[in-house]
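Novice: Below you'll find the structure I mean.
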Amino acid sequence: MKRLSFLLILINVMFMFTSTSVFSQTPPLKVAWKKGIIIGLIVPSTTTKKQLTDLIYTFRQAKKEKTLSTLIPPINLGLTDKYTTFIIFIFSDPKWATSEKYDNYESASIKTAKGRAISKAYIDHIIASYEYDIDGKEYGALGYDEGGDKSVHYKKLF
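Below is the structure:
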């Protein structure tokens, strides 16, 4: 009887570790930079669209469950809720996942052809994004939408 009980427990534990959740395909990630409420993350270049989609939904679920701190560092340091409002940019190319590239993008003037080219190139390298506004609105996408200027691979998730 003890042997059967042990076997059933072992099978149950193995099932727990091998069962897949809705968001089980999230890729490994690391923080590349943080500027104010915006954080840049980098994932492996082999990351699939399915994995990116799962990652965006994982962020969404973690925000709802108040567990974002297990995935990313605090964003709103002076507030009780450290994740009141934020934007996450996800990159797979380390050359674009730098604070310098972000600064170039932020300072580029959309009134000039050169500025628009800088902005477009940067947006095209954001492979996924998640945004949470202070009023509770959230936006998740493959790619990024900067006020109608969308990355080439843009697909709205929510």
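Numbering (numbering that gives the first Met the number 0), first residue to last: 0 to 157.
Backbone N, C-alpha and C define an ideal beta-carbon position, used for all residues, glycine too.
Just so it is clear, the structure is predicted and the values come from calculations on it, not from any experiment.
Does the pairing of the stretch 110-118 with the stretch 50-67 give three or more beta-carbon distances under 8 Å?
Specialist: No: fewer than three Cβ pairs fall under 8 Å.
Novice: Would you mind reading off the limits of the beta strand (DSSP E) that contains G114?
Specialist: That residue, G114, is in no beta strand (DSSP E); its alpha helix (DSSP H) goes 112-123.
Novice: From the DSSP secondary-structure annotation, give me the bridge partner or partners of F58.
Specialist: The partner list for F58 (beta bridge, DSSP) is empty, contrary to what the question assumes.
Novice: At the level of alpha carbons, what is the spacing between N75 and A96?
Specialist: Computed Cα separation, rounded: 21 Å.
Novice: Quick check for students: name the residue ranges of the alpha helix (DSSP H) that lie wholly in the stretch 68-115, counting only runs of 4 or more.
Specialist: Qualifying alpha helix (DSSP H) stretches, in chain order: 98-106.
Novice: DSSP three-state label for K155, please.
Specialist: Looking at K155 - three-state DSSP - the assignment turns out to be strand.
Novice: May I have the straight-line CA-CA distance separating S108 from D148, to the nearest angstrom?
Specialist: Rounded to whole angstroms, S108 to D148 spans 14 Å at the Cα level.
Novice: Looking at the structure shown, is L28 part of a helix, part of a strand, or coil, going by DSSP?
Specialist: Note: L28 maps to coil in three-state DSSP.
Novice: Distance, Cα to Cα, D92 vs I38?
Specialist: The alpha-carbon atoms of D92 and I38 are separated by roughly 15 Å.
Novice: What would DSSP say about D148, mapped onto helix, strand or coil?
Specialist: Of the three classes helix, strand and coil, the one that applies to D148 here is strand, per DSSP.
Novice: Measure from the alpha carbon of Y131 to the alpha carbon of each residue in K154, A140, T84, then state which is nearest.
Specialist: With distances taken between Cα atoms, Y131 lies closest to T84.
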